[in-house]
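Mapped onto my numbering, the consecutive letters of the sequence shown carry residue numbers 68 to 353.
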Amino acid sequence: MKRDGFVVHTKTSRFTEKVVSLAQKAVVGQPAPAYRPGEEGYADWVILAVQGLKEYLGHPYRKLMDVLREMPRMTKSLGLTPETVPHFSTVCTRKQAIPMKRWRAILDQSAELYDLGDVQAIDATGVDRVQASQHYAKRTDYTFEAVKTTLLIDCKTSAILDIHCSMKQPHDTQVGWQVLVRNLDKLATVAADKGYDWEELRTRLRAESVTPLIPQRDPGMRGWSRNLLIKDRAYHQRSNAESVFFGLRRRYGDTLWSRNWFGQFRELVMKSAVRNIERAIEDSHP
């Protein structure tokens, strides 16, 4: 788009450029060409970037591919032409083959767009999924209706630092340590609700020079005073995690549409990365 002789970068074009850049960084080594005819086909970073655009624009795959063909500026950012935009079935198939570590790499890269604060928070909730077919449900013992989702967020910026998804119902303390240990270099003070009440978790965090703000469930008089001290500090910032969950659902939908569990994990990770990217470009261009 041009105005008075200058190119105007829309929010969508800025998002596209950023998600392409992060997708390329998520691939180890020199990014492969976007498209090579034959068996190699589309590079992983192209499929990742297209997934990001799907979450950002909120289109189903068929419509998204049509939109890309009509928007040469976006396809150029992807290293493609309208003629080489992938078929929607190709994207659906390829996304399952891309290793989970590359999806997480995009989320990590998106968190680096922010200057993090001194307080982080962790919280969990259930995210609804679309009903799977009866055949798939019987074959995989697929009886749950929601994916238990744990988010680690930065309270100053509301950036999502990490995400954990489970089809079972593991205890919050076990998931909490698994998520936190992956992100010790980003942590200073961690706020969590009573679901994460585990003395060993507090001890482990303190051993890593991280301050835990986790109240006790049944504190007694001594614990009651400690809980009061926690709440007098930065504990109130824990509610930011609930706000992030609300914003994630409201902007990118409250239902997962992938039919299998590994597709749902990838969908949640990409939603989190897209939210980070979208908010970062908004802050940089008020």
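In this text, a Cβ means the ideal position worked out from N, Cα and C, and glycines have one as well.
Identity of the residue in the options nearest residue i by Cα
| i | options | result |
| --- | --- | --- |
| G243 | I220, T224, A226 and S225 | I220 |
| T224 | G262, L131 and G184 | G184 |
| A93 | T278, W112 and K235 | W112 |
| P192 | A213, E107, A172 and L174 | Correcting the residue identity first, residue 192 is Thr in this sequence and not Pro. The option with the nearest alpha carbon to T192 is A213. |
| Q187 | Q118, F82, G330 and L218 | L218 |
| R318 | I114, V341, S306 and Q241 | V341 |
| R81 | P98, S144, Q91 and Y128 | S144 |
| M138 | T79, Q236 and R284 | T79 |
| A259 | H303, E267 and K253 | H303 |
| F155 | P166, R129 and I165 | R129 |
| F329 | M167, V86, G105 and F313 | M167 |
| C222 | A308, T270 and G96 | A308 |
| V194 | E345, D350, W324 and S351 | W324 |
| R249 | D133, G96, A172 and Q118 | A172 |
| G314 | Q331, E345 and V277 | E345 |
| R316 | Y123, E349, P98 and A99 | Y123 |
| I114 | E107, I165 and D133 | I165 |
Assigned secondary structure, residue i (DSSP; H/G/I helix, E/B strand, else coil)
| i | result |
| --- | --- |
| S276 | coil |
| A301 | coil |
| I230 | strand |
| I189 | strand |
| I281 | coil |
| Y123 | helix |
| A255 | coil |
| T77 | coil |
| D321 | coil |
| V248 | helix |
| Y181 | coil |
| K338 | helix |
| D195 | strand |
| R326 | coil |
| T217 | strand |
| G262 | helix |
| G314 | helix |
Whole-angstrom C-beta distance between residue j and residue i, which should lie under 8 Å
| i | j | result |
| --- | --- | --- |
| A226 | N343 | 5 Å |
| A101 | Y109 | 7 Å |
| T148 | T157 | About 16 Å separates the two Cβ atoms, so there is no contact after all. |
| A347 | Y181 | 7 Å |
| G119 | V95 | That belief does not hold up - the Cβ atoms of G119 and V95 are roughly 19 Å apart, past 8 Å. |
Cutoff 6 Å; reference residue i; Cβ partners in own chain excluding five residues on either side
| i | result |
| --- | --- |
| L131 | K121 |
| L251 | E275 |
| W170 | R333 and V336 |
| L272 | P279 |
| S339 | L174, I227 and I230 |
| F312 | T192 |
| G146 | A101 |
| R305 | A188 and A258 |
| Q176 | L89 and K92 |
| P153 | Y109 |
| R136 | P149 and V152 |
| G262 | D239 |
Neighbourhood of residue i by C-beta distance below 8 Å, restricted to the same chain and skipping five residues each side
| i | result |
| --- | --- |
| G47 | The requested residue 47 does not occur in the structure, where the chain is confined to residues 68 to 353. |
| P237 | K215 |
| D264 | T240, I281, P282, Q283 and R284 |
| S253 | First, the residue type needs correcting, since residue 253 is Lys and not Ser in the sequence shown. The residues are A178, L183, Q187, D221 and L228. |
Cut-off 7 Å between Cβ atoms - residues of its own chain near residue i, not counting five sequence neighbours on either side
| i | result |
| --- | --- |
| V246 | I189, T217, L219, D229 and H231 |
| T151 | Y102 |
Proximity test, Cβ basis, 8 Å: residue i and chain C
| i | result |
| --- | --- |
| Q283 | No chain C appears in this structure, which consists of one protein chain only. |
Check your understanding: Is the segment 141–161 in contact with the segment 229–247, if contact means three or more CB pairs nearer than 8 Å?
Key -> Fewer than three beta-carbon pairs drawn from the segment 141–161 and the segment 229–247 are found closer than 8 Å, and the two stretches are therefore not classed as touching.
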